[in-house]
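Asks: Provided herewith is a single structure, encoded as structure tokens, for subsequent inquiry.
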Amino acid sequence: MPQIEGPKILAGNSNPSMASAVCRRMSIRCGTSVDLVKARVERFNDGEIFVEVFENVRGEETFILQSTSNPANDNL
């Protein structure tokens, strides 16, 4: 029988502990493991933001978890 996978969570850098807590709670609710997507978020010298996702999320149910409190551009 194929294993049922839960949704994927891609977290920004504003609140990683909240993202982990959401994954734990969703794992309980969904009855399957819900893990954070492995990704890297960096900022270039000119202030631009670079995000590299290390997992394939194409066609997957994926949520981006990120607060937009001030300064919103810094919290991406």
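In terms of my numbering, the sequence shown is residues 1 to 76.
Note that the Cβ used here is the ideal one computed from N, Cα and C, for glycine as well.
Model, not experiment: these values are computed from the prediction.
1) If I follow the unbroken alpha helix (DSSP H) through R58, where does it start and stop?
2) M26 to N15, Cα distance in whole Å?
3) Please identify the residue among C30, N13, P7, M18 whose C-alpha is closest to the C-alpha of I49.
4) How would you label A11, buried or exposed, when you count the other beta carbons within 10 angstroms and need 16 or more for buried?
5) Quick one, which of V57, Q66, S67, N70 has its alpha-carbon nearest G6's?
6) Run the CB neighbour count on V51, radius 10 Å, all protein chains shown included, and call it buried at 16 or more, exposed below.
7) Taking the continuous beta strand (DSSP E) assigned at V53, which residues delimit it?
Replies: Walking through what the data contain:
1) Position 58 of the sequence shown, counted from the first residue, corresponds to residue 58. That residue, R58, is in no alpha helix (DSSP H); it is neither H nor E in DSSP.
2) Position 26 of the sequence shown, counted from the start, is the residue given in the question as residue 26. Position 15 of the sequence shown, counted from the start, is the residue given in the question as residue 15. Distance between M26 and N15, taken at the CA atoms: about 17 Å.
3) On the sequence shown, position 49 is the one that residue 49 refers to. For the residues C30, N13, P7, M18, the minimum Cα distance to I49 belongs to N13.
4) Here residue 11 is taken as the residue at index 11 of the sequence shown, counted from 1. With 16 or more Cβ atoms within 10 Å of its Cβ, A11 is classed as buried.
5) As a working mapping, residue 6 is identified with position 6 in the sequence shown. Closest option to G6, Cα to Cα, is V57.
6) By 1-based counting over the sequence shown, the position of residue 51 is 51. By the neighbour-count rule (16 or more Cβ atoms within 10 Å), V51 is not buried but exposed.
7) Counted from its first residue, the sequence shown places residue 53 at position 53. For V53, the enclosing beta strand (DSSP E) covers residues 49-53.
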